[in-house]
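A.B. asks:
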Amino acid sequence: MFSMELNPVQKEAVEKTDGPIMILAGAGSGKTRTLVSRISYLLKEKDVPPYRLLALTFSNKAAREMRERVASLVNLDINSLAITTFHSFCVRVLRSEITYLGLSKNFTIYDEAESRAVIKSVLTRRGINLKEISPYEVLYFIENLKNLGHYVDRSPPYNYEVEEDHEFYSFYLEYEAELFKANALDFGGLICGVIQLFEKFPEVKKHFQERYHYVLVDEYQDTNRAQFELIKILAEKRKNICVVGDEDQSIYSWRGADIHNILDFEKVFPEVQILKLEQNYRSSKNIIEAATHVISQNTLRKGKKMWTDNPQGDSILMVDCLDDKKEASFVASELLDLYKKGTLLSDMAVFYRTNSQSRIIEDHLRANKIPYKIIGGTKFYDRKEVKDMLAYMRLVVNDKDSLALSRIINVPARGIGATSLRKLEEEAVKGSVSLWEIICAIVENSEKYSFLKISAKIKSSLREMATIISEIKVLDQEKESPVTLYEKLLHDTGYFDFLKAQKDYESLARIENLEELSSAIKQYEQSNPNPSLLGFLETITLDNSKEEEKTQGEVSLMTVHGAKGLEFPFVFLVGAEENLFPSYKSMEGGSKALEEERRLFYVAMTRAMKKLYITFARGRMLFGQIKFNGPSRFVDEIPSNFFLLHKVGHEESAFQMEEDDYFSQESPYETDKVFQLGKRSLCKFESGSKVRHSLYGEGKVLESSGTGDEEKVLIMFSGGVRKKFMASMAPIVRI
839 MFSMELNPVQ KEAVEKTDGP IMILAGAGSG KTRTLVSRIS YLLKEKDVPP YRLLALTFSN
899 KAAREMRERV ASLVNLDINS LAITTFHSFC VRVLRSEITY LGLSKNFTIY DEAESRAVIK
959 SVLTRRGINL KEISPYEVLY FIENLKNLGH YVDRSPPYNY EVEEDHEFYS FYLEYEAELF
1019 KANALDFGGL ICGVIQLFEK FPEVKKHFQE RYHYVLVDEY QDTNRAQFEL IKILAEKRKN
1079 ICVVGDEDQS IYSWRGADIH NILDFEKVFP EVQILKLEQN YRSSKNIIEA ATHVISQNTL
1139 RKGKKMWTDN PQGDSILMVD CLDDKKEASF VASELLDLYK KGTLLSDMAV FYRTNSQSRI
1199 IEDHLRANKI PYKIIGGTKF YDRKEVKDML AYMRLVVNDK DSLALSRIIN VPARGIGATS
1259 LRKLEEEAVK GSVSLWEIIC AIVENSEKYS FLKISAKIKS SLREMATIIS EIKVLDQEKE
1319 SPVTLYEKLL HDTGYFDFLK AQKDYESLAR IENLEELSSA IKQYEQSNPN PSLLGFLETI
1379 TLDNSKEEEK TQGEVSLMTV HGAKGLEFPF VFLVGAEENL FPSYKSMEGG SKALEEERRL
1439 FYVAMTRAMK KLYITFARGR MLFGQIKFNG PSRFVDEIPS NFFLLHKVGH EESAFQMEED
1499 DYFSQESPYE TDKVFQLGKR SLCKFESGSK VRHSLYGEGK VLESSGTGDE EKVLIMFSGG
1559 VRKKFMASMA PIVRI
């Protein structure tokens, strides 16, 4: 039935229907086609009733598309197919069986904001200051517990006994008690609830094991331990389980994904048959072979070797740029050149490691009138935290901008809610004055406005905010540098501390975006003889208002994480530098974290179909400072016969003095084709020396061991935070 569409290994993966099967599907190997064909084969050729088959994936979009494709192949009603997400499946089970756990079938599912509100009430009830222990920290701890499949009556995970975790575990117990009282579950509780149901009530487990004769799992490398336990229980009677995934594309450990679910599958199902889809249909031979060399450096893998019958294709273009501005300029110029030669803009994509890197690329694309879209994210100047700080700056230069003021009057939270704001706005309208003028009037003569019934706490908040803005307005009139004004706004308003206290992944990304905004202001200052806050705001406003020619299509910009599952004929991977890609956090996380970064690099490479550009900058503005990190180690793992080296901007010597301090005197290039990493100078931080970390700020070295590239330092930062780094890799400088 399917032999005309499938290669021999794909066909084998479709027709081996009984017993445990693990299909290791490499990048671009036709994984979805194989999985859809396997489900269709079971339904049509093996006469498996639709209700006996369960296929699980991670997104509603993926589930819907798979249902549609299968339904079209076997002529079935799409709604009769149990192809769904893990969470949707668990909701279905719990809606019918949750009374066993003491909840009613009309239980509520709490989202993150509702869960956070419960945690806040738990902490407040205990008299804990939310600045000392952030609700986000506690939720992160609870999420990790549930990713491991933990529920209240189960033995706690092995590592919870340390003092802080023990306290957090007590928060977890109280949180779960609150949810139970409210007849509610959170998202993690959906999966853990089904595991609990199956383990405590064998008759329920038996019912669902009898119901589903075949279990299939897509994107298996993204499963956490709880999801693995769930499918193990469902399949333990008949063992007809088929998992499809690629350990080389396991890049979501920060979401709880566990690569050992693939690596240790044989330990749970010893009789498993492992099939490897190693033929790539997406990329040129040059790209696939280069990517294979990179990923082969990892040890946590099953040992696939990708190959393709596609043409050899162009060499990878390795672009050595003087600085990040030259890098962005090169990317914009090359995109225009490709477009002029007939390439659709929609066939081109720019990848970066972190969202904050998009800013300088966006600036150059707008300057060149190149239409673009951000995939899986928001344009830099449209991001909430960036718009918040821009609103603060707009208020400084124009206090009549009531729209800007209303945006940030309660950001970060000052107790000035919607009701109080409405009172202020109505009074401003009555008096035909601006919102700022009303606030100043209340601060100067609160008795006159007592009829507004504004509390003393709100008046105090208004006074504090008015004082901050007024001080910065004076500094602006005295021609203080824009970046100084921005930094003062960021810290004096409490915005930076507010984000830092959250201690979650999203807030860290927001901080990086605000630090990138600082870099944008500094670069504006460098290119203008008389820089001002107003001038900077005008620059970005005018840039953002440029008209785009929508008929051309759009270039796609995205993080590498956001690129997984996509493909483009032309891919630009920017910022391939140490401490950026791999990230400085991964360097502190040991070999396991570095291997995940390498998998991420591999994912980036294998999105490219025809042409891959990899760029790095000798000097890059990061966190408001010029950094000289050197090219990524992953770049050095690509054999020289797979790429051509191109240098951009090196005739200019803006960074030459600082470069000489960082790179060895001898050129890191033997020829234009042969590339080696520049030799790093020895980095010594003796005990007692004071240092500054680009993220954690100032600190003191407590311990130092090893020499050269092997030197390790233990640093105490403000607030008693201790961190250990490889000195040669961490973004630290002596002060």
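Counting from 1 along the sequence shown, just add 838 to a position and that's the residue number in the working numbering. Quick reminder that beta carbons are idealized off the backbone N, C-alpha and C, glycines included. Small disclaimer: the values here were computed from a predicted structure and weren't measured.
Any idea what DSSP makes of R1232, helix, strand or coil?
C.D. replies: Of the three classes helix, strand and coil, the one that applies to R1232 here is helix, per DSSP.
A.B. asks: For the candidate residues R963, V1409, E1165, whose alpha-carbon lies nearest to that of S1153?
C.D. replies: Minimum Cα distance to S1153 is reached at V1409.
A.B. asks: Distance check for E1475 and E1416, CA to CA, integer angstroms please.
C.D. replies: Roughly 13 Å separates the two Cα atoms.
A.B. asks: Just the Cα atoms here: how many angstroms apart are K1178 and H1484?
C.D. replies: Going from the Cα of K1178 to the Cα of H1484 covers about 21 Å.
A.B. asks: Count the other C-beta atoms from every protein chain shown that fall within 10 angstroms of the C-beta of Y1343, then say buried if there are 16 or more, exposed otherwise.
C.D. replies: Answer is exposed; the Cβ neighbour count stays below 16.
A.B. asks: Would you kindly work out how many angstroms separate the C-alpha atoms of V908 and Y1050, rounded to a whole number?
C.D. replies: About 18 Å.
A.B. asks: Can you grab the Cα-Cα spacing for the pair R1063 / N1099, in whole Å?
C.D. replies: One C-alpha to the other measures close to 7 Å.
A.B. asks: Return the bridge partner residues of A1187 from the DSSP annotation.
C.D. replies: Beta-bridge pairing links A1187 to S1394, V1409.
A.B. asks: Can you give me the Cβ contacts of F1481 inside the same chain, cut-off strictly under 6 Å, excluding the 5 residues immediately before and after it?
C.D. replies: Closer than 6 Å at the Cβ level, and outside the excluded window around F1481, lie S1153, I1154, M1156.
A.B. asks: Among residues of its own chain, excluding the 5 on either side of I1198, which ones have a beta-carbon nearer than 6 Å to its beta-carbon?
C.D. replies: D1162, A1166, listed in sequence order.
A.B. asks: Can you say whether Q1315 is buried or exposed, counting buried as having 16 or more other CB atoms within 10 angstroms of its CB?
C.D. replies: It is exposed - the Cβ of Q1315 has fewer than 16 other Cβ atoms within 10 Å.
A.B. asks: Which class does S1543 belong to by DSSP, given the choice of helix, strand or coil?
C.D. replies: Correct three-state label for S1543: strand.
A.B. asks: Whole angstroms are fine: how far does the CA of K984 sit from the CA of K1043?
C.D. replies: So the two alpha carbons sit approximately 20 Å from each other.
A.B. asks: With a 10 Å radius around its C-beta and 16 neighbouring C-beta atoms as the bar for buried, classify I916 as buried or exposed.
C.D. replies: Answer is exposed; the Cβ neighbour count stays below 16.
A.B. asks: Tell me whether the beta-carbon of V1110 lies closer than 8 Å to the beta-carbon of P846.
C.D. replies: Cβ distance not < 8 Å, so V1110 and P846 don't count as in contact.
A.B. asks: Using three-state DSSP, classify M1156 as helix, strand or coil.
C.D. replies: Strand at M1156.
A.B. asks: Classify L1300 as buried or exposed, calling it buried when 16 or more other Cβ atoms lie within 10 Å of its own Cβ.
C.D. replies: Buried, because 16 or more other Cβ atoms sit within 10 Å of the Cβ of L1300.
A.B. asks: Alpha carbon to alpha carbon, how far is I1112 from R902?
C.D. replies: Cα to Cα, I1112 sits roughly 27 Å from R902.
A.B. asks: What are the uninterrupted segments assigned as alpha helix (DSSP H) that are 4 or more residues long and contained completely in the stretch 1070-1123, given in chain order?
C.D. replies: Here the runs fully enclosed are 1098-1101, 1103-1106.
A.B. asks: Using 8 Å for Cβ pairs, my map puts R905 next to L919. What's the rounded Cβ distance?
C.D. replies: R905 to L919, Cβ: 5 Å. Contact.
A.B. asks: For L1418 and S1470, what's the separation of their Cα atoms in angstroms?
C.D. replies: Each residue's alpha carbon lies about 8 Å from the other.
A.B. asks: Mapping DSSP to helix, strand and coil, what is F1555?
C.D. replies: DSSP places F1555 in strand when its eight states are reduced to three.
A.B. asks: Just to confirm the assignment, what range does the alpha helix (DSSP H) spanning I971 have?
C.D. replies: From DSSP, I971 is part of no alpha helix (DSSP H); its letter is neither H nor E.
A.B. asks: Report the rounded CA-to-CA distance for V1235 versus T1377, giving the unit in angstroms.
C.D. replies: Going by the C-alpha atoms only, they are around 14 Å apart.
A.B. asks: Please look up how many angstroms separate the CB atoms of L862 and K1105, rounded, as I've assumed it's under 8 Å.
C.D. replies: At roughly 16 Å, the Cβ-Cβ gap does not stay under 8 Å, so L862 and K1105 are not in contact.
A.B. asks: Looking only at DSSP bridge pairs, what is Q1463 linked to?
C.D. replies: In DSSP, Q1463 forms a bridge with L1460.
A.B. asks: Would V956 pass as a contact of L1017 if the rule is Cβ separation under 8 Å?
C.D. replies: Cβ atoms of V956 and L1017: closer than 8 Å.
A.B. asks: With a 10 Å radius around its C-beta and 16 neighbouring C-beta atoms as the bar for buried, classify F1563 as buried or exposed.
C.D. replies: Buried is the call here.
A.B. asks: Could you check how far apart the C-beta atoms of I1208 and A1170 are, in whole angstroms? I think they sit under 8 Å.
C.D. replies: Confirmed, about 6 Å.
A.B. asks: DSSP on E1415, reduced to helix/strand/coil?
C.D. replies: Three-state result, E1415: strand.
A.B. asks: Could you have a look at R890 and say whether DSSP puts it in helix, strand or coil?
C.D. replies: Looking at R890 - three-state DSSP - the assignment turns out to be helix.
A.B. asks: Going by alpha carbons, who is nearest to L977 out of R930, R1093, H925?
C.D. replies: The option with the nearest alpha carbon to L977 is R1093.
A.B. asks: Measure the alpha-carbon distance for E1127 versus N1479 and round it to whole angstroms.
C.D. replies: Distance between the alpha carbons of E1127 and N1479 is about 11 Å.
A.B. asks: Provide the residue span of the beta strand (DSSP E) that contains T946, from first to last.
C.D. replies: That run of the beta strand (DSSP E) goes 946-948.
A.B. asks: Under a three-way DSSP split, which group does E1024 fall into?
C.D. replies: According to the sequence as given, residue 1024 is Asp; it is not Glu. Looking at D1024 - three-state DSSP - the assignment turns out to be strand.
A.B. asks: Could you spell out the range, first to last residue, of the beta strand (DSSP E) harbouring V1529?
C.D. replies: Start and end: 1528-1531.
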